[in-house]
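Numbering (this note's numbering), first residue to last: 41 to 127. Even glycine gets a Cβ: it sits at the ideal position worked out from N, Cα and C.
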């Protein structure tokens, strides 16, 4: 089991944190595996905001089927923690 730190844009961060988005579509260049931990770090295009979502990969749909490009994957997430530092 690996831990992957990944950038996430604010609109996707907020949708995930609110429970409206429970997946990530990613280039499969990290050999993602079921059970891996993801640390999704909000990135506004210039800087990291210190907001994070910690999650585990519960399912992986690999590319090459259903219109998903071969080198991409869809990761189903099980969120374990949301970190939003106080301003």
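Around the beta carbon of residue 124, fewer than 16 other beta carbons sit within 10 angstroms, so the residue counts as exposed.
The shortest C-alpha to C-alpha distance from residue 85 to any of 50, 59, 118, 73 is the one to 50.
If you draw a straight line from the Cα of residue 73 to the Cα of residue 102, it comes to about 11 Å. Residue pairing by DSSP places residue 65 opposite 114 in a beta bridge. Counting only the Cα atoms, residue 122 lies some 11 Å from residue 82. Straight across, the Cα-Cα distance linking residue 117 with residue 126 is about 25 Å.
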